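Chains as they are written, first to last, in our numbering: chain A, 1 to 494; chain B, 1 to 490; chain C, 1 to 125.
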Amino acid sequence: MIIVSAVPLLAIAVSAASAVLIFLARRSPSLRESVTFAAAFLKFGLIASLYPAVSAGGTVAFRLAEWIPGAPLSLRVDALGLTFAVLSSGLWIVTSVYSLGYMRALREHAQTRYFASFALSLSAAVGIAFAGDLITFFIFYEMLTLSTWPLVAHKESAEALKAGRKYLVYSLSAGALLLTAIVWTWLSTGSTAFAPGGFIDGRFHGSALALVFFLFIAGCAVKASLFPVHAWLPSAMAAPVPVSALLHAVAVVKAGVFGILRITGYVFGPEVLQSSAIHQPLCALAAFTVIAASLIALVQDNFKRRLAYSTISQLACIVLGTALLTAGGFKGAILHLANHAFLKITLFFTAGIIYVQAHRENVSDFRGLGRKMPLPFILFALAAAGLAGFPPLAGFISKWHLCLGSADSFERLYMGVFLFSSLLNIAYFFPVIQSAFSEPKVGHSVPEIQDNNWLLLAPACLTAALGLAFGCVPLLMKAQSGLADQAVQAVFGG
Amino acid sequence: MMRDQWPALIFLVPFLGTFLLPFLARFKWPSACTAAAFFLWISVLLSAAVLGETALSGPLSYAFSGWPPPMGIEWRADSLSALMALLMTLSAALSLSVSGASSEQEIGSRAAPFFMSVLLAVSGLLGMVLTNDFFNAFVFLEISSIATYALIASGPIRSAPYASFRYLLIGTLGATLYLLGVGYWYAATGTLNMSDFVTRSLSAQDNPILMAGFLLIFLGLAIKMGLTPFHSWMPDAYAHASRTAACVIAPIAAKAPIYLLIRISFWAASPEWLEHWHFWNLLKILGFLGIVTGSLLAFRQENFRRLLAYSSVSQIGLIVLALGIHERNALFGAILHLVFHAFMKTGLFLFAASVESRFGARTVQELSGLVPRMRISFAVMTTSVFSLIGIPPLAGFFSKWYMLSGALLAGDFWAAAAVVGSGLLSALYLFKLLEQIFFRKNPEDPKTKEAPSMLLAGAILTAAVNLAGGFLVPLFHAWAHNGFLKEIFG
Amino acid sequence: MKVLLFLNYGASLFLIFFGIFAMTSARHLLRKVIGMVIMQTGVILFFISLAFKHGASLPVLPYSAKTAPAAAEAFANPLPHALMLTAIVVGVSLLGAALALCLMIYKVHHSLEEPVITQNLEKEP
Chain A
1 MIIVSAVPLL AIAVSAASAV LIFLARRSPS LRESVTFAAA FLKFGLIASL
51 YPAVSAGGTV AFRLAEWIPG APLSLRVDAL GLTFAVLSSG LWIVTSVYSL
101 GYMRALREHA QTRYFASFAL SLSAAVGIAF AGDLITFFIF YEMLTLSTWP
151 LVAHKESAEA LKAGRKYLVY SLSAGALLLT AIVWTWLSTG STAFAPGGFI
201 DGRFHGSALA LVFFLFIAGC AVKASLFPVH AWLPSAMAAP VPVSALLHAV
251 AVVKAGVFGI LRITGYVFGP EVLQSSAIHQ PLCALAAFTV IAASLIALVQ
301 DNFKRRLAYS TISQLACIVL GTALLTAGGF KGAILHLANH AFLKITLFFT
351 AGIIYVQAHR ENVSDFRGLG RKMPLPFILF ALAAAGLAGF PPLAGFISKW
401 HLCLGSADSF ERLYMGVFLF SSLLNIAYFF PVIQSAFSEP KVGHSVPEIQ
451 DNNWLLLAPA CLTAALGLAF GCVPLLMKAQ SGLADQAVQA VFGG
Chain B
1 MMRDQWPALI FLVPFLGTFL LPFLARFKWP SACTAAAFFL WISVLLSAAV
51 LGETALSGPL SYAFSGWPPP MGIEWRADSL SALMALLMTL SAALSLSVSG
101 ASSEQEIGSR AAPFFMSVLL AVSGLLGMVL TNDFFNAFVF LEISSIATYA
151 LIASGPIRSA PYASFRYLLI GTLGATLYLL GVGYWYAATG TLNMSDFVTR
201 SLSAQDNPIL MAGFLLIFLG LAIKMGLTPF HSWMPDAYAH ASRTAACVIA
251 PIAAKAPIYL LIRISFWAAS PEWLEHWHFW NLLKILGFLG IVTGSLLAFR
301 QENFRRLLAY SSVSQIGLIV LALGIHERNA LFGAILHLVF HAFMKTGLFL
351 FAASVESRFG ARTVQELSGL VPRMRISFAV MTTSVFSLIG IPPLAGFFSK
401 WYMLSGALLA GDFWAAAAVV GSGLLSALYL FKLLEQIFFR KNPEDPKTKE
451 APSMLLAGAI LTAAVNLAGG FLVPLFHAWA HNGFLKEIFG
Chain C
1 MKVLLFLNYG ASLFLIFFGI FAMTSARHLL RKVIGMVIMQ TGVILFFISL
51 AFKHGASLPV LPYSAKTAPA AAEAFANPLP HALMLTAIVV GVSLLGAALA
101 LCLMIYKVHH SLEEPVITQN LEKEP
């Protein structure tokens, strides 16, 4: 059941328009910030309003234009897209509060550029979520790269600029590969519109199929931080914490993973991939990334970099779940896309709080800090446990489905990868908690702790609460699971 | 019938207008710039009318003095030449319309001769695209070139005359080679008329004179369009010219030789000997070299206009590469890029003119200090830059799409890689430019204010074309596939 | 006769190459200009040679052509001559432009030697 409505377009446009308003309001910080909040609430409201229609089994569609004859541009809201959009826009509200506190506390410069770029990035992220065909997807994909670049390079230090350049090189190159794959697909199949279960339909054979799949995945792999194109993410930690939190734990990287979900389920489809077995190298690569990134995280001293490698590892879990081509794995991937977001953003938020209040960035300097500022570290412990897969936090549910999915798949060994990754999670997070709550070393100076900044703490508490709620509140769990099931049904069944 | 004379009028109006300018100089109004722009706008209307006519009822043919072709000189407006004429007149008219105030500052008392040269240059280009006679094309090539040499020499007296002199030497070499090639073709077939040549050369396929002539003509055109390795005149010429001249000439001067190249390789020359001599591969290789050279050298430039000139070298390389793919979609992409690139470059040169006229800013370093007060100008500039890189949904993306489609359909993966690679190489120097402008802290000059409004308006218009390019693509597509693509590929 | 024609074409090619050589290797700008003119002259010679026919007369129709049609072989081909008139005019304009540019260059740099000029330009004022 397809409903035609301009709401998806409005949802995308509202934050783009707010970017312009933010620019116009550049002289007045409070006006600027109000615009951000108004836009964030409006956007979330618009997106949430699509939930009833989609959860009832329908899709909301809107045709944009037909600029390239034969390849119309359209928006299409289905369960998968709605999940990503709700996630991004909801967390934008939270991150905006956090940004406010962070920017004010550090008296950061260029705040207009910051907030405007943020708004545009969210436009792009929701655009990716709602894209109904490959070209629309590509338009917003490139827009995401462009709008997040000023955020990565925000600090304008040599390190930040270098990180920005690396980010651009990786992302634009990936875009080029993606474009090649899209044009090739269009020429071979005559269509670019996403279709549940894929639309490739035997137009590609043998090595051509493998090559075009490789190009698609390579195009998305950069944003999804798969090995070996993951290196931009740790460098991008040179960005301010709210940027790392929302964009590099939620919007940008999840856009990459979302792209892989779309390609697997809505361009190629499980049957085509199964029969040609081209998903197997991808599984192997994802599994390798999971383990390798976790191992590297163990030795990172800079806290944000440790979180970055943890993100790489978790994202690879999602990709692995997708690539296993089982209903359970796909569902687990969609669930983990959301659950990891809540938990990771909490972790980044705590990193920012520690930086703002205690001016510490490295794990080795955290010793004893927890005793002075317990709340951030408690939130950290909660979120870390969630990522490791402890019930009743949300991470448990998604890890559960991922493991179930791997049990049904062609290679049971991958279940071990998921379990091992949980173990490694504990290994690189637990010592941080332990060190924070232990006695400070004798002779070490006591760090100056600033007062609790509630603009920073409240969002962190909220996201941690969400991480808990999606693991044990039946209403929320049902809603999330319902959407995921719908997506799985569309791709695999029926 | 009046209708048949429109192609000639498109040229005649600015050409005759040239000679009216000295008389108008006696009066306070209109200024030479306004008068020149006025004549060009009339040409724009005529070109649009001719384009419409050719779309509806096929090519228009005009025989000068009534002497029928192939004996007499024939001018022929078909879909492609009408489009080129419209593009050139529109681009030049736009630039001139908005350059009035800024040019006064720069040209001052020499206004009449300067704008006469502008009109002559544009008229020459128009003659080149509308004519159906090879030698006639040479004549107009030289008319346009001599006027361009004068325009380039109008810059700062220290460096501009020398840059123009060097351009004169290389340009004359190119034109002479072209003329020699035409001589070869005349010797082999006995005709100078393009359509007649096609029929006569069919019976003389293996004649080596034809091939040699073709090579000479190609070399001549390659020099004139700034194809690597003959591009060395372009950066100096565009960097040292006066800013008004650069705005008018730089976006369109190379396009007329490219049009002639399309004519001779897709229409006039025999497909067999082109294949046999690997001409298409030659185009691809030279195009690729152009892309790489232009991009890498642009990366190292501090002077903003030199950077734009090298960028042009790179884009011309891309267009030639797309021509070399020798496929329907690729040719369409090349034509799209010809059109959109003219607008992108006009916008960028107008931007350069505005910062130069108001603040004397010539280098990228100087630009970065101007950002806070000139935000609209910089926003517009950034739009043109993104379009140049090929970011969707701006206009530059669509030309890349079609070039890529053409390459993939022709099974030419190296060319496909080169097309996407060109986007990445452009991103290299353009993002470096953006980074230097927006992210480097430069002391803000408190005296800065927004660009002169006319120049800004012109730049905004070109940015609008880039933004709305997507809407134009289906129109172009329908027009091309019923027009010249059908004529060439069937 | 054929040999003489080959001489013509050979000469024109020689002039063209010599002109190009002068344009590229001369250091004095006026020598470059002279090279340019020589090159153009070579091309003009080439075209004129194309117009040659054995035993041909001037391309003017005699009075008798009014009644009896005249054979084309009896007259030299006038078209290349006409083309070359145009080309000569173009060449003269180019020469004028080139000399004007040399004047301007001399005014600023007080020399027409290329190395001196490039050196001058490299030193920013």
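Heads up, the beta-carbon is just placed ideally off N, CA and C, and yes, glycines get one too.
Remember, it's a predicted structure, so these values are computed and weren't measured experimentally.
Worksheet entry | Three or more C-beta pairs below 8 Å linking the segment 110-117 of chain A and the segment 476-494 of chain A | no
Fill in: phenylalanine 348 of chain A beta carbon less than 7 Å from that of alanine 245 of chain A
yes
Item to complete: Mind checking which residues open and close the alpha helix (DSSP H) that includes tryptophan 184 of chain A?
Response: For tryptophan 184 of chain A, the enclosing alpha helix (DSSP H) has its first and last residue at 158-189.
Discussion item. Counting only C-beta atoms, is proline 372 of chain B closer than 7 Å to chain A at any point?
Written reply: Chain A, which has no Cβ nearer than 7 Å to the Cβ of proline 372 of chain B, makes this no.
Worksheet item: Buried or exposed: isoleucine 397 of chain A, going by 16 or more other Cβ atoms within 10 Å of its Cβ?
Response: buried
Worksheet item: So what's asparagine 302 of chain A in DSSP terms, helix, strand or just coil?
Response: Reduced to three states, the DSSP call for asparagine 302 of chain A is strand.
Worksheet item: Is it right to say glutamine 300 of chain A is buried, meaning 16 or more other beta carbons lie within 10 angstroms of its own, or is it exposed?
Response: buried
Fill in: C-alpha gap between alanine 160 of chain A and alanine 239 of chain A, whole angstroms
Approximately 7 Å, taken between the alpha carbons.
Item to complete: Note down, in chain order, every chain B residue with its Cβ under 9 Å from the Cβ of alanine 98 of chain C.
Response: Tyr149, Phe165, Leu168, Leu169 and Thr172
Worksheet item: Which word fits threonine 191 of chain B, buried or exposed, when buried means at least 16 other C-beta atoms lie within 10 angstroms of its C-beta?
Response: buried
Worksheet item: When we look at the beta-carbon of phenylalanine 21 of chain C and count the other beta-carbons within 10 Å, is it buried (16 or more) or exposed?
Response: exposed
Worksheet item: Can you list the residues of chain B that isoleucine 12 of chain A reaches, using a CB-CB cut of under 8 Å?
Response: Ordered by position in chain B, no residue passes the 8 Å Cβ test against isoleucine 12 of chain A, which lies about 13 Å from the chain.
Item to complete: Kindly indicate which three-state DSSP category leucine 86 of chain B falls into: helix, strand or coil?
Response: helix
Worksheet item: Is it true that the segment 340-356 of chain B meets the segment 456-465 of chain B, where meeting means three or more beta-carbon pairs spaced less than 8 Å apart?
Response: Verdict: yes, contact present.
Worksheet item: Using a beta-carbon distance below 7 Å, is isoleucine 391 of chain B in contact with chain A?
Response: Yes, isoleucine 391 of chain B lies at the interface with chain A (some Cβ there is under 7 Å from its Cβ).
Worksheet item: With DSSP run on the structure shown, which of helix, strand or coil describes aspartate 485 of chain A?
Response: Three-state DSSP puts aspartate 485 of chain A in a helix.
Item to complete: Using a Cβ cut-off of 7 Å, pull out every chain B residue sitting near valine 183 of chain A, in sequence order please.
Response: Trp401, Leu404, Ser405 and Leu408
Fill in: Neighbourhood of tryptophan 186 of chain A by C-beta, 7 Å cutoff - its chain only, sequence neighbours within 5 removed
Apart from sequence neighbours up to five positions away, the residues of its chain that approach tryptophan 186 of chain A with a beta-carbon distance below 7 Å are Ala71 and Thr192, ordered along the chain.
Discussion item. Within a Cβ cutoff of 6 Å, which residues of the same chain sit near lysine 224 of chain B, ignoring the five residues on either side of it in sequence?
Written reply: Gly174 and Pro257
Worksheet item: With DSSP run on the structure shown, which of helix, strand or coil describes arginine 158 of chain B?
Response: In this structure, arginine 158 of chain B counts as coil in the three-state DSSP scheme.
Practice prompt. Thinking tyrosine 178 of chain B and glycine 124 of chain B are a contact (beta carbons under 8 Å), I'd like their distance in whole angstroms, please.
Written response: Between glycine 124 of chain B and tyrosine 178 of chain B the Cβ distance is about 14 Å, and since that is not below 8 Å, they are no contact.
Practice prompt. For chain B, find out if any of its Cβ atoms is closer than 7 Å to the Cβ of serine 93 of chain C; answer yes or no.
Written response: yes
Practice prompt. Could you name the residues of chain B that proline 69 of chain A contacts, counting a contact when the two beta carbons are closer than 7 Å?
Written response: Pro474 and His477
Discussion item. Going by the DSSP bridge assignment, what does arginine 63 of chain A pair with across the sheet?
Written reply: Paired residues: A:Ser74.
Worksheet item: When DSSP builds the beta bridges, which residues end up paired with asparagine 193 of chain B?
Response: Answer is B:Asp133.
Fill in: N-terminal and C-terminal residue of the beta strand (DSSP E) that valine 4 of chain A is part of
2-4
Practice prompt. Look at serine 235 of chain A and isoleucine 312 of chain A and say whether their C-beta atoms are less than 7 Å apart.
Written response: no
Discussion item. By DSSP's criteria, threonine 363 of chain B is part of a beta bridge. Which residues make up the other side?
Written reply: B:Asn303
Worksheet item: Is it buried or exposed for arginine 328 of chain B, if we count other Cβ within 10 angstroms and need 16 for buried?
Response: Arginine 328 of chain B counts as buried, since at least 16 other C-beta atoms from the protein chains shown sit within 10 angstroms of its C-beta.
Worksheet item: arginine 3 of chain B: buried (16+ other C-beta within 10 angstroms of its C-beta) or exposed?
Response: exposed
Item to complete: Answer yes or no: does any C-beta atom of chain B fall closer than 7 Å to that of threonine 264 of chain A?
Response: no
Discussion item. Does aspartate 412 of chain B pass the burial test, meaning 16 or more other C-beta atoms within 10 Å, or should it be called exposed?
Written reply: buried
Worksheet entry | Beta-carbon proximity of leucine 261 of chain A to threonine 322 of chain A, cut-off 7 Å | Yes; because the gap between Cβ atoms is below 7 Å, this pair is in contact.
Discussion item. Give me the subset of the segment 131-163 of chain A whose CB atoms are less than 7 Å from a CB atom of chain B, sorted by chain position.
Written reply: Residues passing the 7 Å Cβ filter: Phe138, Ile139, Glu142, Leu146, Ala153, Glu156 and Leu161.
Discussion item. I believe leucine 50 of chain C touches alanine 187 of chain B by the beta-carbon criterion, under 8 Å. Please report the beta-carbon distance rounded to the nearest angstrom.
Written reply: 5 Å
Worksheet entry | Cβ neighbours of glutamate 513 of chain B in the same chain (closer than 8 Å, five flanking residues each side left out) | Nothing about residue 513 of chain B can be reported from this structure: the residues present for chain B run from 1 to 490 only.
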